[in-house]
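> Got a structure for you, questions after.
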Amino acid sequence: MRLNSTAKLAFYNARKRSGDTTHLSEVTGYSTGHITNVINGNRSVNPIIANAMYKISSRRLKTSELA
Numbered sequence: 005m006r007l008n009s010t011a012k013l014a015f016y017n018a019r020k021r022s023g024d025t026t027h028l029s030e031v032t033g034y035s036t037g038h039i040t041n042v043i044n045g046n047r048s049v050n051p052i053i054a055n056a057m058y059k060i061s062s063r064r065l066k067t068s069e070l071a
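This is the structure in structure tokens:
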């Protein structure tokens, strides 16, 4: 089953870490401000950003499971 862009954003938000915004910016070529706006829901999630988010967070535990 393939995840849509919104599902990938939700998956990423449960697993995001410090420095991820900068890393996503470097990988995708978008500015950190644009990445932040996408994460906050102010801009739509395009497939390039969604795939990059999923790729960096796919093997991580949820943030709630760490502590």
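Numbering (the working numbering), first residue to last: 5 to 71. Cβ coordinates follow ideal geometry from the N, Cα and C atoms, glycine included. Every value quoted in this text rests on a predicted model; they were computed, and no experiment measured them.
(1) Judging by CA-CA distance, which residue of K66, M57, S68, L70 is the nearest neighbour of S9?
(2) Rounding to the nearest angstrom, what Cα-Cα distance links N44 and T25 in this structure?
(3) Using the C-alpha atoms, what's the distance from A54 back to R47?
(4) Could you please give the first and the last residue of the uninterrupted alpha helix (DSSP H) stretch that includes V42?
(5) When the Cα atoms are used, what is the spatial distance from I39 to S22?
A quick look at the data gives this:
(1) Position 5 of the sequence shown holds residue 9. It is M57 whose Cα lies nearest to the Cα of S9.
(2) Here residue 44 refers to the residue found at position 40 of the sequence shown. Here residue 25 refers to the residue found at position 21 of the sequence shown. Roughly 12 Å between the two C-alpha positions.
(3) As a first step, residue 47 is located in the sequence shown; it is residue number 43 there, counting from the start. As a first step, residue 54 is located in the sequence shown; it is residue number 50 there, counting from the start. If you take the alpha carbons of R47 and A54, they lie about 12 Å apart.
(4) For this step, residue 42 is matched to residue 38 along the sequence shown. Where V42 is concerned, the enclosing alpha helix (DSSP H) stretches over 36-44.
(5) Counting from one through the sequence shown, the residue named residue 39 turns up at place 35. Counting from one through the sequence shown, the residue named residue 22 turns up at place 18. The straight-line gap from Cα to Cα measures roughly 14 Å.
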